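Residue numbers (my numbering): 549 to 605.
Structure follows, in structure tokens:
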């Protein structure tokens, strides 16, 4: 099984890269929070510049 890699952005800046659990560990947050950054609901409630975006690589 291939592991999915992600990148977490805030605006144009890359905050972290790796699996969801690796990103959570790097930032000191839960995997659930990292997962939430990739949802359409979160994208609607935050602006591109201020919100974080989880992108699958």
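Glycine is no exception: its CB is placed at the ideal position from the N, C-alpha and C atoms. Please read these numbers as outputs of a predicted model, since none were measured by experiment.
Cross-strand partners of residue 565 (DSSP beta bridge): 555
Residue 598 (DSSP reduced to helix, strand or coil): coil
Delimiting residues of the alpha helix (DSSP H) encompassing residue 590: 588-593
C-alpha distance - residue 556 paired with residue 583, whole-angstrom precision: 10 angstroms
The segment 591-598 touching the segment 563-575, judged by at least three CB pairs closer than 8 angstroms: no
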